[in-house]
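S.K.: Chains as they are written, first to last, in numbering that gives the first Met the number 0: chain A, 0 to 299; chain B, 0 to 409. Note that the Cβ used here is the ideal one computed from N, Cα and C, for glycine as well. Got a structure for you, questions after.
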Amino acid sequence: MLRIRFHGRGGQGMKTASRILGSAAFRAGFCVQDSPVYGAERRGAPMAAFTRIDRVQIRERGAIVRPDLVVVADDTLLTDPAAQPLAGCDAESTVLVNSTRDEAALRQEVPAYTGRLLTADFTAVALATTHALASLSTALGVAAACLVGLSLADSLAGLDDELTESHMSMAQKEANRQLAQTVYAQASSWAPVREREDSRIAETAPLVEVTFDPPRLAGPSIYAVGNSPQRRTGNWRQFRPVLQVERCTRCWICFVRCPEAAISLDAQEYPVVDYDECKGCLLCVHECPTHAFTVEKEVR
Amino acid sequence: MTQRTLLTGNAAAAWGARLADVDYIPAFPITPQTEIIELLAQWATDGTIAGRFVTMDSEHSMLTAAGAAAATGARVFTATSSQGLLYGFEVLYTIAGWRVPLVLVNVSRALASPITLEADHNDILSARDSGFLQIHTETCQEILDTVLMAYRLAEDQRVMLPVLVNLDGFTLSFTREPVELPAAAAVSEFLPPYQPHHAFIRGDRPMAQGAAVLGGAAYSYFRYQQHLAQEKALAVYEEIAAEFAARFGRYYGLVEPFQLDDAEYVLVMSNAFATKGKAMVQHWRARGVKAGLLRLRVFRPFPAAAIAAALAGRKAVAVIDQNLAPGLGGITYQEIAAALYDRQERPPLVSVIGGLGGKDISQGEFEAVLVALQQAAAGERVPGPWLLYTKPEQERMRTLLQIAGKEVQA
Ligand code: SF4
Ligand code: SF4
């Protein structure tokens, strides 16, 4: 069995990527299982999706704890304690990171990881081909399909299965197909991911007895006040909204709509984005009636 | 023509309703069920299905509308989950009491508090005394097939009771697997349109339904009739399962034995995590351990005889409950123990609680269950209910408590 785990942020399309891979493998005649896991849905919050591929019926459920291939939609997730994309990875794993940085730079962030690490700037390729951020799912789904050894024809068929269900225009669908071919060609230069020899699903951990605790511990109340400001959402951001103040009419729509309350008003009642908290969902950009926000790629 | 495709559990449930050609779908969203009604809403809007789709203001209204529509003679489908099932709870008993057939899909999600999204079975099992029949599923294919079988069962004149079909949130609801879609023509041969005989609306045949009764004798009569119909449903189910297998090539018994023939150590599990149990059985068999698994499928009526026959004479049996009745233990354990009580060869039973709130049951935890089974077989008492919990999980829990500002001893 091949076990592939995708890590992304809500809105980056990693559920779709896992399905593109799943459909491609299904088209190639394999038994397939794919599934996402997320908490209360929230744009920008870390999520994961899983694809399992085998020649026989799959007898596993839920999260993949010992992946053969991990696909990471952006490098800020590598060290995110909520995402932990490298959990369960070992010397036999392959990790593919969408990043503008090179392998050496990424390895410095995750020194304990000893397996193969591949990286490329798929966002740039996706934007150049389709001009739509959503196509990152196409790029990473097809890259994964290539890495597990599926053919270009099966990858495209899998992509088509997912595109049929979307509300994209014909031109956008065609652009996604082109992107798939470009990415497939690029990913073909990497050696494919091989199946593991041993069938162990995960390390086994010792069991413990759960004993009585007083209700002060045993009830789901939180006594630590104000620890949520410690979880800044600014590092979730891949794209930054930048206000072009001359176009702003001070209607405050962005101020009201920002889901993270990351927009405040200055003394003249113009909106100000707090980049420590702005998660880059770009809702403000879409909501602004005068198109007063421009979008810039975040460079860290 | 049959067609093989990848479907989530939710999509499989929606396909079941579509192929059953339902007349009426009252709906209210709740994670992780919403995808079912989204799909049906889409199909109702674009004309793919002829049934009427109506959004309601709560699960209580939704279930009231569902029951009322079934009482007019319509074929009704609806779906909910967890808190939603509980919110509509009183209506479950009402509908069953009306003796009208409908199919309600529940997507299992653990109950608040603390609030969560992932599966365990305290939601569905809370409805075990409602009068609804109850069938629990393990795969996406089984979900679709079971919705079809459930209509046959509900509408059978020997039964005439509503059916709850359960699937697990996330591990099935959002999980895609290969599913064979039966041809619509074959389904309509298996499941012809519903012909109501006792509850319908016709201008020339006025009737009152769901009348009130005072004095216990009338109530006792009606309530006990529900029980008798449930008992009849065991044999009716077997007929339907055999016919379904003959037509579609897939057989679903009241319970599913897995590698049980010569098994000495048996796991009893239900729903999606039974898949994990089966993988462990294969793993143990490869090691020379004679292990097997009994999957609970039809839970109401409770197939006590089939369960007792499958478990009697084993060296030891572990019932893994993905639910907890605080102050008692595992719910299915209690019922299985009762089913075995008057059997001569009743095996030692180990009561295990695993997978609450969707917690994984890891390989190590299954191995610990096998050790406990061997101890029980050797005459050692294994105290239950025994909660499966690992050291890393405990450490993580302590960290969370500390972050929450609680004084945790090392
Ligand atoms: S400022 Fe804009 S991009 Fe940033 S979180 Fe608010 S709405 Fe989203
Ligand atoms: S929505 Fe646009 S115009 Fe309105 S306050 Fe915000 S930036 Fe200015």
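Using a Cβ-Cβ cutoff of 8 Å, what residues of the segment 24 to 38 of chain A are near chain B? List them in chain order.
M.R.: If the cut-off is 8 Å between Cβ atoms, the segment 24 to 38 of chain A has Phe25, Cys30, Val31, Gln32, Asp33, Ser34, Pro35, Val36 and Gly38 near chain B.
S.K.: Is the Cβ of alanine 138 of chain A closer than 8 Å to any Cβ of chain B?
M.R.: Answer no: the Cβ-Cβ gap between alanine 138 of chain A and chain B never drops below 8 Å.
S.K.: Rounded to whole angstroms, how far is the Cβ of arginine 294 of chain B from the Cβ of glutamine 258 of chain B, which I believe are closer than 8 Å?
M.R.: Their Cβ separation, rounded to whole angstroms, is 11 Å, which puts arginine 294 of chain B and glutamine 258 of chain B out of contact at 8 Å.
S.K.: At a cut-off of 7 Å, is glutamate 295 of chain A close to ligand 1 when judged by its beta-carbon and the heavy atoms of the ligand?
M.R.: For ligand 1, not one heavy atom lies less than 7 Å from the Cβ of glutamate 295 of chain A.
S.K.: Rounded to the nearest angstrom, what separates glycine 328 of chain B and proline 256 of chain B at their Cα positions?
M.R.: Approximately 24 Å, taken between the alpha carbons.
S.K.: List the residues of chain A that isoleucine 402 of chain B touches, going by C-beta distances under 9 Å, in chain order.
M.R.: Under the 9 Å cutoff, chain A gives Ile221, Ala223 and Asn226.
S.K.: Does threonine 136 of chain B have its Cβ less than 8 Å from a Cβ in chain A?
M.R.: Cβ-Cβ to chain A under 8 Å: no for threonine 136 of chain B.
S.K.: Under 7 Å Cβ to Cβ from arginine 195 of chain A, same chain only, skipping five residues before and after it: list those, please.
M.R.: Only Asp67 and Glu91 meet the Cβ criterion.
S.K.: Chain B partners of threonine 203 of chain A, CB-CB under 8 Å?
M.R.: Ser361, Gln362, Gly363 and Glu366, listed in chain order.
S.K.: By a C-beta neighbour count over all protein chains shown, 10 Å radius and 16 as the cutoff for buried, is asparagine 226 of chain A buried or exposed?
M.R.: It counts as exposed.
S.K.: Using the rule of at least 16 other Cβ atoms within 10 Å of the residue's Cβ for burial, across every protein chain shown, is proline 200 of chain B buried or exposed?
M.R.: Note on identity: in this sequence residue 200 of chain B is isoleucine, with proline being the wrong assignment. Isoleucine 200 of chain B comes out exposed.
S.K.: Going by other Cβ atoms of all chains shown within 10 Å of its Cβ, with 16 needed for buried, is glutamate 208 of chain A buried or exposed?
M.R.: Answer is exposed; the Cβ neighbour count stays below 16.
S.K.: Step through the CB atoms of chain B and report whether any lies within less than 8 Å of the CB of glycine 21 of chain A.
M.R.: Yes, contact with chain B.
S.K.: Any residue with its Cβ nearer than 6 Å to a heavy atom of ligand 1 should be included. What is that list in chain order?
M.R.: This selection yields A:Pro240, A:Cys257, A:Glu259, A:Ala261, A:Ile262, A:Val272, A:Cys277, A:Lys278, A:Gly279, A:Cys280, A:Leu281, A:Leu282 and A:Cys283.
S.K.: Threshold first: 3 residues or longer. Then list the beta strand (DSSP E) segments lying entirely within the segment 306 to 369 of chain B, N to C.
M.R.: Within the segment 306 to 369 of chain B, the complete beta strand (DSSP E) runs of at least 3 residues are 315 to 320 and 348 to 352.
S.K.: Residues in the same chain with beta-carbon distance under 7 Å from glutamine 208 of chain B, minus the five sequence neighbours each way, listed in chain order, please.
M.R.: So the qualifying residues of the chain are Ala70, Trp97 and Ala198.
S.K.: Please list, in chain order, the chain B residues whose beta carbon lies closer than 9 Å to that of threonine 18 of chain A.
M.R.: First, the amino acid is wrong: residue 18 of chain A is arginine here, not threonine. Per Cβ cutoff of 9 Å: Leu5 and Arg175.
S.K.: Relative to the C-alpha of leucine 73 of chain A, which candidate in A:Leu117, A:Thr289, A:Val244 and A:Val271 has its C-alpha closest?
M.R.: Correcting the residue type first, residue 73 of chain A is aspartate in the shown sequence and not leucine. Ranking A:Leu117, A:Thr289, A:Val244 and A:Val271 by Cα distance to aspartate 73 of chain A puts A:Leu117 first.
S.K.: Using a Cβ-Cβ cut-off of less than 7 Å, list which residues of the segment 263 to 278 of chain B approach chain A; keep chain order.
M.R.: Listed in sequence order: Ala271, Phe272, Thr274, Lys275, Lys277 and Ala278.
S.K.: Restricting to Cα atoms, I'd like to know which of B:Glu344, B:Leu110 and B:Ile335 is closest to glycine 312 of chain B.
M.R.: Cα-wise, what sits closest to glycine 312 of chain B is B:Glu344.
S.K.: Answer yes or no: do threonine 137 of chain A and alanine 179 of chain A have a C-beta to C-beta separation smaller than 8 Å?
M.R.: Their beta carbons are under 8 Å apart, which means threonine 137 of chain A touches alanine 179 of chain A by this criterion.
S.K.: Taking the alpha-carbon positions, what's the valine 318 of chain B to serine 350 of chain B distance?
M.R.: Each residue's alpha carbon lies about 5 Å from the other.
S.K.: Only counting runs of 3 or more residues, tell me where the beta strand (DSSP E) segments fall wholly within the segment 191 to 266 of chain B, in order along the chain.
M.R.: Entirely contained in the segment 191 to 266 of chain B, the beta strand (DSSP E) runs reaching 3 residues are, in chain order, 254 to 257.
S.K.: Any C-beta of chain B sitting closer than 8 Å to the C-beta of arginine 58 of chain A?
M.R.: Output row for arginine 58 of chain A: interface = yes.
S.K.: Quick one: which chain A residues come within Cβ less than 8 Å of phenylalanine 169 of chain B?
M.R.: Result: Ser34, Val36 and Gly61.
S.K.: Let me check one thing: in DSSP terms, what residues is tryptophan 385 of chain B bridge-paired to?
M.R.: Per DSSP, B:Val351.
S.K.: Using beta-carbon positions only, say whether glycine 12 of chain A and arginine 42 of chain A come within less than 8 Å of one another.
M.R.: No. Outside cutoff.
S.K.: Please tell me whether threonine 389 of chain B has its Cβ less than 8 Å away from any Cβ of chain A.
M.R.: Closer than 8 Å to some Cβ of chain A, the Cβ of threonine 389 of chain B qualifies, so yes.
S.K.: Is any beta-carbon of chain B found at less than 8 Å from that of leucine 364 of chain A?
M.R.: Summary: the structure shown does not reach residue 364 of chain A, with chain A confined to residues 0 through 299, and so no result is reported for it.
S.K.: Let me make sure I understand the geometry here. Which of B:Ala271, B:Gly363, B:Ala338 and B:Leu386 has the alpha-carbon closest to that of proline 325 of chain B?
M.R.: The shortest C-alpha separation from proline 325 of chain B is found at B:Leu386.
S.K.: Using a Cβ-Cβ cutoff of 8 Å, what residues of the segment 238 to 255 of chain A are near chain B? List them in chain order.
M.R.: Cβ contacts with chain B come from no residue of the segment 238 to 255 of chain A.
S.K.: Answer yes or no: the CB of arginine 299 of chain B versus the heavy atoms of ligand 2, is any distance below 7 Å?
M.R.: Arginine 299 of chain B: no, Cβ never under 7 Å from ligand 2.
S.K.: Alpha helix (DSSP H) containing serine 189 of chain B: first to last residue?
M.R.: Looking at the sequence provided, one finds phenylalanine at residue 189 of chain B rather than serine. Start and end: 183 to 189.
S.K.: So for lysine 405 of chain B, helix, strand or coil by DSSP?
M.R.: Here lysine 405 of chain B sits in coil by DSSP.
S.K.: Give a yes or no on whether the minimum CB-CB distance between arginine 4 of chain A and chain B is below 8 Å.
M.R.: Judged by the 8 Å Cβ criterion, arginine 4 of chain A is not in contact with chain B.
S.K.: Any heavy atom of ligand 2 closer than 7 Å to the Cβ of threonine 118 of chain A?
M.R.: It does not: the Cβ of threonine 118 of chain A is nowhere closer than 7 Å to a heavy atom of ligand 2.
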